[in-house]
Amino acid sequence: MGAQTSLTTARVEELLRKVDDLENRARRSNIRLVGLPESKEGLDMCVFLERWIPTTLGERNFPQPLVIERAHRVGRMWNNGTASGSQDPTVRPRAVVMKLLNYADKVRIMNAARSAGNVLVDGRKVMFFPDLSSELLKKRKLFDAVKRDLAGLKLQDLRYGLVHPATLLVTIRGRRHTFEKAEAAETFVRRLRQERSGTSAEDAE
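And the structure:
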């Protein structure tokens, strides 16, 4: 009975992994835009974004016109469920999810947004993110504490970031390290901290 239950659990977990993978593949050309003020898009979100993105991120980054298949806001309204008063700076706007016709355009947008740094609209910070499944977001969030610890080291030759789907890439002293588990990354950070302070692993214990 126990063996059968374990087998069933393993099959369910495998099916869930496959479903999550399919969901993320379907979102491959999607971008989630956070911070765009409500009603800024006017009557047609797609038309607005196709014009606004190149203007904001630099038309030189987009050799061909963007084609956005669909775009809409997601999440809960935070101003009593209506659009009235949505320009109030204290109101958090809903995120926008857009689907690009061409994956290459998604890459161009993400790269241009990264190079641009802070993007402001009416004084609001607007941010571009990949549109990922909730399960994958949870996996990526596990690395948040590690990234904070890496930032706290303040090492000049240290570079790090998450790569798809949920792998932490760390480059230091010209060597690249990859971590699929947050625990392994935490061990690596402890070693870096010990090296910087001149203590050994045994001394730290």
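So in the numbering used here the end of the sequence shown lands on 220, straight run, no missing numbers. For each residue, glycine too, the CB sits at the ideal point set by N, CA and C.
Determine the direct distance from the alpha carbon of Arg88 to that of Leu72, and round the result to whole angstroms. 21 angstroms
Entirely within the stretch 138-190 and at least 4 residues each: give me those alpha helix (DSSP H) ranges in chain order. 149-156 and 159-168
Would the C-beta of Val111 count as close to the ligand FAD, meaning under 8 angstroms from any of its heavy atoms? Judged by which ligands are present, the structure shown has none, so any question about the ligand FAD falls away.
Reduced DSSP category for Phe77 - H, G, I as helix; E, B as strand; rest coil: coil
Between Lys196 and Ala25, what straight-line distance do the alpha-carbon atoms span, to the nearest angstrom? 20 angstroms
With distances taken from CA atoms, which of Ile124, Arg188, Gly57 and Arg75 is nearest Asn45? Ile124
So, under 8 angstroms CB-CB, Phe203 and Leu48 are touching, yes? Tell me the CB distance rounded to an integer number of Å. Contact doesn't hold; Cβ gap of about 33 angstroms is too wide.
Which first and last residues belong to the beta strand (DSSP E) in which Val111 is found? Ala110 to Leu115
Inter-residue Cα distance where the pair is Leu177 and Gly167: 17 angstroms
Looking only at its own chain, which residues have a Cβ that is under 7 angstroms from the Cβ of Lys121, when we skip the five neighbours before and after it? Ser44, Ile46 and Leu115
List, from N- to C-terminal side, the beta strand (DSSP E) runs of 3 residues or more that fit wholly inside the stretch 27-59. 45-49
Hey, how far is the Cα of Tyr175 from the Cα of Val112? 27 angstroms
Take Ala131 and list the residues in its own chain whose beta-carbon comes closer than 6 angstroms to its own, dropping the five residues that flank it on each side. Leu72
Touch check for the stretch 182-200 and the stretch 148-158: three-plus C-beta pairs under 8 angstroms? yes
Starting from Arg85, trace the beta strand (DSSP E) in both directions and tell me its first and last residue. Ile83 to Val89
Is it the case that the Cβ atoms of Leu170 and Leu135 are separated by a distance below 9 angstroms? no
Any idea what DSSP makes of Val204, helix, strand or coil? helix
For Glu53, count neighbouring C-beta atoms within 10 Å of its own C-beta (all shown protein chains included) and say buried if the count is 16 or more, exposed if not. buried
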